[in-house]
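S.K.: 59 is the number of the first residue of the sequence shown in my numbering; add one for each residue after it.
Using N, Cα and C, we set each Cβ at its ideal position, and we do this for glycine too.
One structure, pasted below without further comment.
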Amino acid sequence: MNNYRISVIIPVFNLEKYLHRCIDSLLNQSFCGIEIIIVDDESTDDSGKIADEFAYKNDNVKVFHIKSCGVSKARNYGVQHSNGDYIAFLDGDDYVNKDIYKELYMAITFQKADIAFCDVIKVHENGKKEEIESLSLDGGIVPVDKYLKDGKYMQLAWNKLYKREIWAGFSFESKYFEDLSLIPEIISKSNRIVYVKKYLNYYFIRDKSISRTFSKENYMHKINAYKNVIDNVNEIYKDELVYWIVNNILDCIKREELYFFREEFISFLQSISEEIIDNRYKADLIDSEIEGILYNNRE
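What follows is the structure, given as structure tokens:
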């Protein structure tokens, strides 16, 4: 008999330094009925051994060892082997507040929502912490279009709780920016989302993580993820997603370390110039910098 209400899926590859902290934060939850699924992607350090030790001592911890498949397939494998009525994701170097799943579960069930999400604390390797407010609104039911347009970290999987049924027909596919390629689409096809306005998720920033590697190849993958979002999002919310994407790209262009990829981002903006010019939010979207980029393309 399935007694698990929430399945938390953790893809792991060479995270022995952080894994104890991650799993301990789940075992210490104030909410009962959590299934912890660890998918070890052929780690070459002691990550797999650490996970097995936790599983040996805790009946609600399950470990699967798979062969070098990457984060996306590891997550998909975890979903397929999970039993909870609700699904959450957590990276093996991140951790959570002891009340996160109690708060998200209460919100998503009480409001009969498809997705619940919370605020995030960004934790740097030097110990510095930064609070990230997901949305400039009060907690409770929020409009899907508002979250897609203005949500901070909207595209990420791990500060959310999902109703299991919403995953029907969806899976992670991309090796790079896997969240960006999928999560906005899932949100756009949700009927009801709820915001828990509390800082409950700790996002640990590793300087050498794959998502923080500044290379032309990596940022071309990011641009491809943006393209996937525009192609697959619920058409009703396309303007909101384009608005969100353009603002994210402008932030990238302005960041000093990304200066050398400026041309790639500008080229992408020019390729979606019609979506920008016809956007219902264009009055807020088109400033002098965007105008120069777009109209240079039309000459």
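Are the region 190-201 and the region 240-255 touching by the rule of at least three beta carbon pairs closer than 8 Å?
M.R.: yes
S.K.: What's the call for ILE64, buried or exposed, on a 16-neighbour Cβ count within 10 Å?
M.R.: Translated into positions along the sequence shown, residue 64 becomes position 6. Flag for ILE64 reads buried.
S.K.: Is the distance from the Cβ of ASN118 to the Cβ of ILE94 below 8 Å?
M.R.: Reading the sequence shown from its first residue, position 60 is the one you call residue 118. Reading the sequence shown from its first residue, position 36 is the one you call residue 94. The answer is yes: Cβ separation under 8 Å.
S.K.: If we call anything under 8 Å between Cβ atoms a contact, is ALA171 one with LEU238?
M.R.: Against the sequence shown, residue 171 aligns to sequence position 113. Against the sequence shown, residue 238 aligns to sequence position 180. Cβ distance not < 8 Å, so ALA171 and LEU238 don't count as in contact.
S.K.: Hey, how far is the Cα of GLU247 from the Cα of LYS207?
M.R.: Taking the first residue of the sequence shown as position 1, residue 247 is located at position 189. Taking the first residue of the sequence shown as position 1, residue 207 is located at position 149. The sequence as given places Lys at residue 247; Glu does not occur at that position. When rounded, the distance between both Cα atoms is 14 Å.
S.K.: Quickly, what does DSSP pair TYR257 with across the bridge? List them, please.
M.R.: Counted from its first residue, the sequence shown places residue 257 at position 199. Looking at the DSSP assignment, TYR257 forms a beta bridge with ASP177.
S.K.: Do you know offhand how far SER140's Cα is from ALA132's?
M.R.: On the sequence shown, residue 140 is found 82 positions in, with the first residue counted as 1. On the sequence shown, residue 132 is found 74 positions in, with the first residue counted as 1. About 12 Å.
S.K.: Which runs of the alpha helix (DSSP H) fall wholly inside the region 210-235 and span at least 4 residues, in chain order?
M.R.: none
S.K.: Helix, strand or coil for ARG356 per DSSP?
M.R.: Along the sequence shown, read from residue 1 onward, the residue named residue 356 stands at position 298. At ARG356, the pLDDT of 49 sits below 50, so the modelled position is not reliable; the number obtained from the coordinates is stated separately. ARG356 falls in the helix class under three-state DSSP.
S.K.: Quick one: complete beta strand (DSSP E) runs, 3+ long, within the region 97-179?
M.R.: 119-124, 144-147
S.K.: Residues bridged to LYS187 by DSSP?
M.R.: Here residue 187 is taken as the residue at index 129 of the sequence shown, counted from 1. Bridge pairing for LYS187: VAL181 [DSSP].
S.K.: Bridge partners for GLY198 per DSSP, in chain order?
M.R.: What you label residue 198 is simply residue 140 of the sequence shown in a count that begins at 1. Under DSSP, GLY198 shares a beta bridge with TYR253.
S.K.: Count the other C-beta atoms from every protein chain shown that fall within 10 angstroms of the C-beta of GLN138, then say buried if there are 16 or more, exposed otherwise.
M.R.: Position 80 of the sequence shown, counting from 1, holds the residue named residue 138. The residue is exposed, with fewer than 16 neighbouring Cβ atoms inside 10 Å.
S.K.: Looking at the structure shown, is GLU93 part of a helix, part of a strand, or coil, going by DSSP?
M.R.: Numbered from its first residue, the sequence shown carries residue 93 at position 35. Residue state, collapsed to three classes: strand.
S.K.: Where does SER65 sit, in a helix, a strand or coil, going by DSSP?
M.R.: Counting from one through the sequence shown, the residue named residue 65 turns up at place 7. SER65: strand per DSSP, three-state reduction.
S.K.: To which residues of the same chain is ILE268 closer than 6 Å at the C-beta, ignoring the five residues directly before and after it?
M.R.: Here residue 268 refers to the residue found at position 210 when the sequence shown is read from its first residue. Below a pLDDT of 50, predicted positions are generally treated as unreliable, and ILE268, at 47, falls in that range; no measurement from the model is reported.
S.K.: Using DSSP's beta-bridge definition, name the partner residues of VAL70.
M.R.: Indexing the sequence shown from 1 puts residue 70 at position 12. Among the bridge pairs identified by DSSP, VAL70 is matched with ASP98.
S.K.: Which residues mark the beginning and the end of the alpha helix (DSSP H) in which ARG264 is found?
M.R.: The count along the sequence shown starts at 1 and reaches residue 264 at position 206. No alpha helix (DSSP H) holds ARG264; DSSP gives it neither H nor E.
S.K.: Would you kindly check if the distance between the Cβ of LYS160 and the Cβ of SER88 is under 8 Å?
M.R.: One-based indexing of the sequence shown puts residue 88 at position 30. One-based indexing of the sequence shown puts residue 160 at position 102. Yes; because the gap between Cβ atoms is below 8 Å, this pair is in contact.
S.K.: Can you tell me whether ILE288 is helix, strand or coil according to DSSP?
M.R.: The sequence position of residue 288 within the sequence shown is 230, counting from 1. It is helical.
S.K.: Counting only the same chain and skipping the five closest in sequence on each side, list residues whose C-beta sits under 7 Å from that of ILE108.
M.R.: Residue mapping note: residue 108 aligns to position 50 of the sequence shown, counting from 1. Counting only Cβ-Cβ distances below 7 Å, and skipping sequence neighbours, we find GLU74, LEU77, HIS78.
S.K.: Between the C-alpha atoms of ASP110 and ALA146, what's the straight-line distance to the nearest angstrom?
M.R.: Within the sequence shown, residue 110 is the residue found at index 52, counting from 1. Within the sequence shown, residue 146 is the residue found at index 88, counting from 1. Cα-Cα distance, rounded: 21 Å.
S.K.: Is ARG320 helix, strand or coil by DSSP?
M.R.: Within the sequence shown, numbered from 1, the residue matching residue 320 stands at position 262. If DSSP states are grouped into helix, strand and coil, ARG320 belongs with the helices.
S.K.: Comparing C-alpha positions only, which one of ASP99, GLY128, ASP103 sits nearest to VAL121?
M.R.: The sequence position of residue 121 within the sequence shown is 63, counting from 1. Comparing Cα positions, the closest option is ASP99.
S.K.: Quick one: Cα of MET278 to Cα of TYR257, how far?
M.R.: Residue numbering aside, residue 278 sits at position 220 when the sequence shown is read from its first letter. Residue numbering aside, residue 257 sits at position 199 when the sequence shown is read from its first letter. Computed Cα separation, rounded: 32 Å.
S.K.: Check each candidate in MET212, GLN169, ILE179, ILE67 and name the one with the smallest Cα separation from ASP149.
M.R.: For the purposes of this step, residue 149 is identified with residue 91 of the sequence shown, where counting begins at 1. Selected option, being the one with the closest Cα: ILE67.
S.K.: Is the distance from the Cβ of VAL129 to the Cβ of SER101 below 8 Å?
M.R.: As a first step, residue 129 must be located in the sequence shown, where it is residue number 71. As a first step, residue 101 must be located in the sequence shown, where it is residue number 43. The answer is no: Cβ separation not under 8 Å.
S.K.: So is PHE168 buried or exposed if we call it buried at 16+ other beta carbons inside 10 Å?
M.R.: Here the question's residue 168 lines up with position 110 in the sequence shown. It counts as exposed.
S.K.: Are the beta-carbon atoms of PRO242 and VAL291 separated by less than 8 Å?
M.R.: For the purposes of this step, residue 242 is taken as residue 184 along the sequence shown, with counting starting at 1. For the purposes of this step, residue 291 is taken as residue 233 along the sequence shown, with counting starting at 1. Between PRO242 and VAL291, the C-beta spacing is below 8 Å.
S.K.: Regarding GLU111 and the ligand GDP, is the C-beta to nearest heavy atom distance less than 7 Å?
M.R.: The ligand content of the structure shown is nil, which means the ligand GDP is not present either.
S.K.: Give me the Cα-Cα distance between TYR62 and GLY91, rounded to the nearest whole angstrom.
M.R.: As a working note, residue 62 is residue 4 in the sequence shown. As a working note, residue 91 is residue 33 in the sequence shown. C-alpha separation (whole angstroms): 5 Å.
S.K.: With burial defined as no fewer than 16 other Cβ atoms inside 10 Å of the residue's Cβ, what is the status of ILE158: buried or exposed?
M.R.: Position 100 of the sequence shown holds residue 158. Per the 10 Å Cβ criterion, buried.
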